[in-house]
Amino acid sequence: MIEAEIFRALADPTRRAVYERLTASEMSVSELRAGMSVSQPAVSQHLAVLRGAGLVVERRAGRNAYYRA
1354 MIEAEIFRAL
1364 ADPTRRAVYE
1374 RLTASEMSVS
1384 ELRAGMSVSQ
1394 PAVSQHLAVL
1404 RGAGLVVERR
1414 AGRNAYYRA
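When you line the sequence shown up against the numbering used here, it's residues 1354 to 1422, in that order.
The structure is reproduced here in structure tokens:
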């Protein structure tokens, strides 16, 4: 079932773009938003799906959250 979750998570073009950016370096939501025409809540929702599929890891630093693939 995990493979199905991964394929489902990467089926969305925006999530794929977010994932590809995170494979290059660790970023915050605001850094991810830069250059993308997506709202902050939408990026957060996409990150939640990617985290649920085990593709992205979150690291907290104070009030900020950083993500990496």
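Using N, Cα and C, we set each Cβ at its ideal position, and we do this for glycine too.
query, result
"Beta-carbon separation (whole angstroms), Ser-1392 vs Tyr-1419, contact threshold 8 Å", "So it is not a contact: roughly 19 Å between Cβ atoms."
"Rounded C-alpha distance that separates Ile-1355 from Tyr-1372", "17 Å"
"Whole-angstrom C-beta distance between Thr-1376 and Ala-1422, which should lie under 8 Å", "4 Å"
"Alpha-carbon to alpha-carbon, Leu-1385 and His-1399", "11 Å"
"Assigned exposure category for Ala-1414 - 16 Cβ within 10 Å defines buried", "exposed"
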